[in-house]
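Accompanying notes for the structure given below.
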Amino acid sequence: MTENIIRERLNFLSPKKLEIINESHLHKGHAGNNGGEHFKIRIQSLLFQDKNMVERHKMIYKALNDLIPQTIHAISIKAEVPED
């Protein structure tokens, strides 16, 4: 399942929290959809400390790059530093 692949790929970030939600059902018939899935990712990692939003997203996209656009059509990302 794609969710498991995403989880494995993001393990290098040692996430304190990782939610992967498949939202593909919300995008049926969506123009330009080549069959790839839509995901919402919420991740908390200490490795995001001192990184801005763009840098955090780049870390995630680099790990998933080869899955886009065939397996993954779209990703919504919320990347945060865990609260103490």
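In case it helps, the working numbering puts the sequence shown at residues 1 to 84.
Even for Gly, the Cβ is constructed at its ideal location relative to N, Cα and C.
Query, Result
"Rounded to the nearest angstrom, what separates Lys17 and Asn52 at their Cα positions?", "18 Å"
"Can you tell me the Cα-Cα spacing of Ile68 and Arg9, whole angstroms?", "13 Å"
"Given this structure, state the Cα-to-Cα distance separating Asp66 from Glu83, to the nearest angstrom.", "31 Å"
"Could you check what DSSP says for Lys51 in three-state terms: helix, strand or coil?", "coil"
"Please classify Ser76: is it buried, with 16 or more other beta-carbons within 10 angstroms of its beta-carbon, or exposed?", "exposed"
"State the start and end residues of the unbroken beta strand (DSSP E) segment that holds Asn22.", "Lys17 to Asn22"
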